[in-house]
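Engineer: The structure follows.
There are 2 protein chains.
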Amino acid sequence: MMIRVAIVDDKPNNRRVITDKLGRDDRFMVAFEARDGEDFLLRMKDLAGTEYPHVVLMDLEMPHVDGVTAIATASSLYPSVSFVVLTIFDDDEKIFKAIRAGACGYLLKDESGKVITDMLINLRESGAGPISPSIAYKILQMVQQPELVKSEKEKQENIFLLSDREKEILQLLSEGLEYKEIGSRIFISPNTVKKHCISIYQKLHVSGKAQALRIAYTKGLI
Amino acid sequence: MMIRVAIVDDKPNNRRVITDKLGRDDRFMVAFEARDGEDFLLRMKDLAGTEYPHVVLMDLEMPHVDGVTAIATASSLYPSVSFVVLTIFDDDEKIFKAIRAGACGYLLKDESGKVITDMLINLRESGAGPISPSIAYKILQMVQQPELVKSEKEKQENIFLLSDREKEILQLLSEGLEYKEIGSRIFISPNTVKKHCISIYQKLHVSGKAQALRIAYTKGLI
DNA sequence: TGAAGGATACTCCATTTGGATAGTTTTACA
DNA sequence: TGTAAAACTATCCAAATGGAGTATCCTTCA
Chain A
1 MMIRVAIVDD KPNNRRVITD KLGRDDRFMV AFEARDGEDF LLRMKDLAGT EYPHVVLMDL
61 EMPHVDGVTA IATASSLYPS VSFVVLTIFD DDEKIFKAIR AGACGYLLKD ESGKVITDML
121 INLRESGAGP ISPSIAYKIL QMVQQPELVK SEKEKQENIF LLSDREKEIL QLLSEGLEYK
181 EIGSRIFISP NTVKKHCISI YQKLHVSGKA QALRIAYTKG LI
Chain B
223 MMIRVAIVDD KPNNRRVITD KLGRDDRFMV AFEARDGEDF LLRMKDLAGT EYPHVVLMDL
283 EMPHVDGVTA IATASSLYPS VSFVVLTIFD DDEKIFKAIR AGACGYLLKD ESGKVITDML
343 INLRESGAGP ISPSIAYKIL QMVQQPELVK SEKEKQENIF LLSDREKEIL QLLSEGLEYK
403 EIGSRIFISP NTVKKHCISI YQKLHVSGKA QALRIAYTKG LI
């Protein structure tokens, strides 16, 4: 059975390129094209359940109703339809919003025709949504650090007026090295390492390794 | 420059297969092999920073110390090293745990040699971790169902199987208190505090306060 | 030119820590 | 109710740590 595909993109040229890529493969047929999210939702309303596309290739930035909104609406109304983002945008926020809206795949437009068709066939056979490798890695990072997006915690590296050497020692200290290990790593005497450590503790107004490391971690010194 | 790869798998035959796959490509060299997580952590300790592998291909189910624990420990201790899971397991929980532990990629063993080498080259060039397509889709679903991720989020804190008492001690240790101070704070003997600390170090597979605190901070244990 | 601060190196000393070993009590669970 | 796990206590020893003091060499800057 042929896979019915709908294409939603505001650029006629983009739609034509995708249609051509799929047209060379007789496992696909383009059910319809839409120029934006609103157009897509209206066309879906006119279809009977048996005419729904299996897959919708959806651009993101479009007039009237954008891709994320269209996916959020349509994935609820038509749960049997798979929504795959096909766009040039690869920033974290768009990826995140599209997935949360209900996209089951995310492809970049620079993927080759064969990669796209292969992944769509696989979607049909195994249910696994198609995802471009670079997008997959960004999604992995979202799982890795859920509250990451508030990046850019200002490194106040110099409020304690540590010298370069002292910052270097502090870094090595945080890696769990002992005086003698640090010494041999940067070619100075363990005694000197200790002297640096004591200076660091004084500048940080702490007494001991653990407290110094606490400040280092929480203030972003390392 | 060649990419140094370490291979961690308890089956000698698996290690040989991977070594062979990489051996045909002169962009790679196998830095060392290890038979389990414990073996891997011990071998890493003996290396100088310049000898660290760029990438570690890690199986998950292994005796002594499993892959997730090894990644959790080593990704804190050696932040410059990339950890890629290479396994036959594709169940959600293993994937989730490995990613949260610090894996930057997840490959299935049935990937061809070329796919693996291509993705490792790409990791080197773009920093994007290699992810098998079917795994990528499962990760996407994790983002889609945040409550699932959230309920398992607490497990992150327990991948090292610290007891409540040990977590309490670790918390106090991070505040820079000494054994006797911790003891009087929670009304136990300093000797007991020390015993707990040593147990913590064993469970975290580290030797010393600084390394334990590093893992505690970077893995969100405190 | 001379003061100030950084980096280096050393000594002496008391304290803290890591590691091993060997127990007892308490708690949890099957 | 028995057993396993966790929590607690204790002691010994070698190593690492922190604290203080002293000293030389170098660069920077007023």
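Protein chains in written order, with the numbering used here: chain A, 1 to 222; chain B, 223 to 444. Just so it is clear, CB atoms sit at the ideal spot from N, CA and C, and this is done for glycine as well.
1) In chain B, which residues lie less than 8 angstroms from A:Glu175 when you measure between Cβ atoms?
2) Going by CA-CA distance only, name the one from B:Gly324, B:Gln367, B:Leu383 and B:Arg322 that's closest to A:Gly102.
3) Going by DSSP, what residue range makes up the alpha helix (DSSP H) through B:Leu330?
4) Out of B:Ile410, B:Ser411 and B:Leu399, point me to the one whose CA is closest to A:Ser226's CA.
5) Indicate the three-state DSSP secondary structure (helix, strand or coil) for A:Ser174 in the structure shown.
6) Would you list, in chain order, the members of the stretch 246–266 of chain B that have their beta-carbon closer than 7 angstroms to a beta-carbon of chain A?
7) Our contact map puts A:Thr19 next to A:Ile3 with C-beta atoms below 8 angstroms; I'd like the distance itself, whole angstroms only.
8) When the distance is taken between beta carbons, is B:Asp288 closer than 7 angstroms to B:Gly259?
9) Would you mind telling me which residues of chain B sit closer than 8 angstroms to A:Val206, beta carbon to beta carbon, in chain order?
10) Figure out for me which residue from A:Arg185, A:Asn191, A:Ala128 and A:Arg24 has the closest Cα to the Cα of A:Gly113.
11) Run through the DSSP bridge pairs and tell me what A:Arg4 is partnered with.
12) What residue from B:Leu384, B:Ala292 and B:Leu279 has the CA that sits closest to B:Ser421's CA?
13) With a threshold of 7 angstroms between beta-carbons, can A:Leu57 be considered close to chain B, or not?
14) 7 angstroms is my cut-off, CB to CB: does B:Pro362 come that close to chain A?
15) Quick check on DSSP: helix, strand or coil for A:Val149?
16) Between the C-alpha atoms of A:Tyr78 and B:Leu282, what's the straight-line distance to the nearest angstrom?
17) Could you say if the stretch 203–220 of chain A and the stretch 169–186 of chain A meet the contact criterion of at least three C-beta pairs nearer than 8 angstroms?
18) Just the C-alpha distance for B:Arg249 and B:Met223, rounded to the nearest angstrom, thanks.
19) Going along chain B in order, which residues have a C-beta closer than 7 angstroms to the C-beta of A:Gln144?
20) According to DSSP, B:Leu279 sits in a beta bridge with which residue or residues?
21) Name, please, each residue of chain A whose Cβ falls closer than 7 angstroms to the Cβ of B:Ile343.
Structural biologist: Taking the definition as stated:
1) Within 8 angstroms of the CB of A:Glu175, the CB atoms of chain B belong to Leu299, Ala432, Gln433 and Arg436, in sequence order along the chain.
2) The option with the nearest alpha carbon to A:Gly102 is B:Gln367.
3) Looking at the DSSP string, B:Leu330 is not in any alpha helix (DSSP H); the run it does join, the beta strand (DSSP E), is Gly327 to Leu330.
4) Nothing about residue 226 of chain A can be read from this structure; chain A reaches only from 1 to 222.
5) If DSSP states are grouped into helix, strand and coil, A:Ser174 belongs with the helices.
6) When CB distances to chain A are screened at a threshold of 7 angstroms, not a single residue of the stretch 246–266 of chain B falls below it.
7) About 14 angstroms separates the CB atoms of A:Thr19 and A:Ile3; that is not less than 8 angstroms, and the two are not in contact.
8) Yes, these two residues count as a Cβ contact at 7 angstroms.
9) Neighbours of A:Val206 on chain B, chain order: Gly398.
10) The option with the nearest alpha carbon to A:Gly113 is A:Arg24.
11) Beta-bridge partners assigned by DSSP to A:Arg4: A:Met29.
12) Answer by Cα proximity: B:Leu384.
13) Not flagged as an interface residue toward chain B: A:Leu57, since no C-beta distance is shorter than 7 angstroms.
14) It should be noted that the sequence gives Leu, not Pro, for residue 362 of chain B. Closer than 7 angstroms: yes.
15) Confidence at A:Val149 is low in this model, with a pLDDT of 38, below 50, so the placement of that residue should be treated as unreliable; the coordinate-derived value is given next. In this structure, A:Val149 counts as coil in the three-state DSSP scheme.
16) Pairing A:Tyr78 with B:Leu282, the inter-Cα distance amounts to about 38 angstroms.
17) Cβ pair count under 8 angstroms is three or more, so yes.
18) Each residue's CA atom was taken as its position, placing B:Arg249 and B:Met223 some 7 angstroms apart.
19) In chain order: Ile321 and Arg322.
20) B:Leu279 pairs with B:Ile229 and B:Val306.
21) Going along chain A, no residue has its Cβ under 7 angstroms from B:Ile343, so there is no contact; the nearest lies around 12 angstroms.
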